[in-house]
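There are 2 protein chains.
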Amino acid sequence: MQTNNTTEQQIIEAARKIFMHKGLAGARMQDIADEAGINKAMLHYYYRSKEKLFDIVFDEAVDKLLARVNTMLAEDLPIARKIEGVVSFYITNISDNPYLPMFVLNEVQQNPDRIIQRFTHTHLFPNIQLFMKEMAAAMERGEFRKVNPLQLLISILAMCVFPFVAKPLVQHLFKVNDVQFGMMMEERKRFVADFVLHALKP
Amino acid sequence: MQTNNTTEQQIIEAARKIFMHKGLAGARMQDIADEAGINKAMLHYYYRSKEKLFDIVFDEAVDKLLARVNTMLAEDLPIARKIEGVVSFYITNISDNPYLPMFVLNEVQQNPDRIIQRFTHTHLFPNIQLFMKEMAAAMERGEFRKVNPLQLLISILAMCVFPFVAKPLVQHLFKVNDVQFGMMMEERKRFVADFVLHALKP
DNA sequence: GTCTATAGGGTGATAGAC
DNA sequence: GTCTATCACCCTATAGAC
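Listed in order, the protein sequences are those of chains A and B.
Whatever position you read off the first sequence (first residue = 1), add 29 for the numbering used here.
Whatever position you read off the second sequence (first residue = 1), add 29 for the numbering used here.
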């Protein structure tokens, strides 16, 4: 049982790496087996099918992407601090898994039904609505300039996520290696927070 | 020759639709043949292989995505007007082809080398650099608040492109149908331009 | 130019020895 | 639990009749 647990974990890690880079359609069971250093038959022994293995990796990815940001969204902070917190948490989170957003967005497009179930299961949506209401309230108080809260939310998300989705393009066009890209994203935490707060100044 | 031309075009249009939605790995030659209403063998008769057919569709997509924005980047306008123009052109352009950015970004990640050749062929990069220089100059004049021009450029791009990349998610989470999404993107042109210009106020 | 039939190779999944 | 061998199917690509 002790090796069992390890092998299972090795398979999941290998599957995560392969699926993340190649997607469901592009990934091969042989690739995953090679990456895990085991036989192809073992994959089916532990996880019945490619589809099941993918579901596990995908669900895990969505949870990882949202869990920490979700808690930050619910915290009791002044709205400006909360924006800074969400931006910082989100960029940190994705920096640890740079291929995660592209992976999720791509597979959502391929199979929208899957995500409907998954995203509904997490308690994300209430917290997003809370966040939007707090921003709307700050506008009413005159603390923020009045803008469409949904457009604002999408913009904040966009500025955090997009650089990673476009990572290969950014790296090529502006000749930045992985280390430099990491530094750019670290700098970006302050940039995005400042950018948003300036844009919302009355 | 007259039917020849038509069939060729039908194939390209079918290939574009299928490749856009399913990607290179996910698309099947049978899908494209069905979509074009012809036989599978015809695809190979007109375009030797799946790869060649894909290359044509992909190159065409990149050109479409960049051509109009590229000219706008080079125009002689005050920087604030140019930002408004770029944002408006870009959102209009993508609205006509909502799956285009996801398609390009996804395939760039799968095969970075392909894009290196393609993006270099267009004259995009000089115009991007011009745009960044003009923004930097506006900062020097005190017309704009001083920020990192590269971070700024990525942010503008992000706010234009990301909504389309995340379209299925946005539509589900906020219960917007295709018509409403179209209206949101129309509204977004002004939102993004205002947001950026406010964020850059000294 | 357009079709049917099929080659040739790969892929997910399973059977069965150890 | 782990491996080899193999099945059954699917996919790209081509040959060849019309």
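All C-beta atoms in this analysis are idealised placements derived from N, C-alpha and C, irrespective of residue type, glycine included.
Which two residues bound the contiguous alpha helix (DSSP H) that contains residue i?
{"i": "Tyr75 (chain A)", "result": "Lys69 to Tyr75"}
{"i": "Lys218 (chain A)", "result": "Asp207 to Ala228"}
{"i": "Tyr119 (chain A)", "result": "Ile108 to Asp125"}
{"i": "Asn99 (chain B)", "result": "Lys79 to Ala103"}
{"i": "Phe173 (chain B)", "result": "No alpha helix (DSSP H) holds Phe173 (chain B); DSSP gives it neither H nor E."}
{"i": "Lys196 (chain B)", "result": "Lys196 to Leu202"}
{"i": "Ala65 (chain B)", "result": "Met58 to Ala65"}
{"i": "Asn135 (chain B)", "result": "Leu129 to Gln139"}
Is there a Cβ of chain B sitting closer than 8 Å to that of residue i, yes or no?
{"i": "Met30 (chain A)", "result": "For Met30 (chain A), the predicted structure reports a pLDDT of 38, less than 50, and the residue's modelled location is therefore unreliable. The matter cannot be settled from this model."}
{"i": "Pro141 (chain A)", "result": "yes"}
{"i": "Leu186 (chain A)", "result": "yes"}
{"i": "Pro155 (chain A)", "result": "no"}
{"i": "Lys230 (chain A)", "result": "yes"}
{"i": "Met131 (chain A)", "result": "yes"}
{"i": "Pro197 (chain A)", "result": "yes"}
{"i": "Met49 (chain A)", "result": "no"}
{"i": "Leu202 (chain A)", "result": "yes"}
{"i": "Asn135 (chain A)", "result": "yes"}
{"i": "Arg174 (chain A)", "result": "yes"}
{"i": "Gln59 (chain A)", "result": "no"}
{"i": "Ala54 (chain A)", "result": "yes"}
{"i": "Arg45 (chain A)", "result": "no"}
{"i": "Ile145 (chain A)", "result": "yes"}
{"i": "Phe148 (chain A)", "result": "yes"}
{"i": "Val86 (chain A)", "result": "no"}
{"i": "Phe224 (chain A)", "result": "yes"}
{"i": "Arg217 (chain A)", "result": "yes"}
Less than 8 Å between the CB atoms is what I'm expecting for residue i and residue j, so what's the real figure, rounded?
{"i": "Ile67 (chain B)", "j": "Thr36 (chain B)", "result": "7 Å"}
{"i": "Thr151 (chain A)", "j": "Leu102 (chain A)", "result": "Contact doesn't hold; Cβ gap of about 11 Å is too wide."}
{"i": "Ile112 (chain B)", "j": "Val225 (chain B)", "result": "6 Å"}
{"i": "Met131 (chain B)", "j": "Asn135 (chain A)", "result": "7 Å"}
{"i": "Leu198 (chain B)", "j": "Val137 (chain A)", "result": "6 Å"}
{"i": "Val205 (chain A)", "j": "Arg147 (chain A)", "result": "In fact, because the Cβ distance is near 33 Å, the residues do not count as touching under 8 Å."}
{"i": "Lys196 (chain A)", "j": "Pro127 (chain A)", "result": "6 Å"}
{"i": "Ile40 (chain A)", "j": "Ala65 (chain A)", "result": "5 Å"}
{"i": "Lys93 (chain A)", "j": "Leu129 (chain A)", "result": "7 Å"}
{"i": "Val228 (chain A)", "j": "His227 (chain B)", "result": "One point to set straight first is that residue 228 (chain A) is Ala, not Val, in the sequence displayed. Going by Cβ atoms, the distance from Ala228 (chain A) to His227 (chain B) rounds to 5 Å, so yes, they are a contact pair."}
{"i": "Gly211 (chain B)", "j": "Ala54 (chain A)", "result": "Contact flag wrong, Cβ pair sits at about 29 Å."}
{"i": "Met164 (chain A)", "j": "Pro178 (chain A)", "result": "5 Å"}
I'd like to know whether the C-beta of residue i is nearer than 8 Å to at least one C-beta of chain A.
{"i": "Ser124 (chain B)", "result": "no"}
{"i": "Gly211 (chain B)", "result": "no"}
{"i": "His152 (chain B)", "result": "no"}
{"i": "Val190 (chain B)", "result": "yes"}
{"i": "Ala90 (chain B)", "result": "no"}
{"i": "His227 (chain B)", "result": "yes"}
{"i": "Asn99 (chain B)", "result": "no"}
{"i": "Asn177 (chain B)", "result": "yes"}
{"i": "Ile183 (chain B)", "result": "yes"}
{"i": "Gln180 (chain B)", "result": "yes"}
{"i": "Ala70 (chain B)", "result": "no"}
{"i": "Gln39 (chain B)", "result": "no"}
{"i": "Ala208 (chain B)", "result": "In the sequence as presented, Ala is not what sits at residue 208 (chain B); that position holds Val. For Val208 (chain B), the answer is no, since every Cβ of chain A falls outside 8 Å of its Cβ."}
{"i": "Arg110 (chain B)", "result": "no"}
{"i": "Phe220 (chain B)", "result": "yes"}
{"i": "Val194 (chain B)", "result": "yes"}
For the ligand COA, I want to know if residue i counts as a neighbour, meaning its beta carbon is within less than 7 Å of at least one of the ligand's heavy atoms.
{"i": "Asn34 (chain A)", "result": "Ligands displayed in this structure: none; no statement on the ligand COA is therefore possible."}
> Do the region 74 to 94 of chain B and the region 39 to 53 of chain B make contact, defined as three or more Cβ pairs closer than 8 Å?
Replying inline: yes
>> Would you call the region 161 to 176 of chain A in contact with the region 113 to 130 of chain B, where contact means no fewer than 3 C-beta pairs closer than 8 Å?
In response: no
>> Is it the case that the region 137 to 146 of chain B contacts the region 159 to 170 of chain B, given that we only count it when at least three CB pairs across the two stretches are under 8 Å?
In response: no
> Any chance the region 198 to 209 of chain A sits against the region 180 to 187 of chain A, with 3 or more Cβ pairs inside 8 Å?
Replying inline: no
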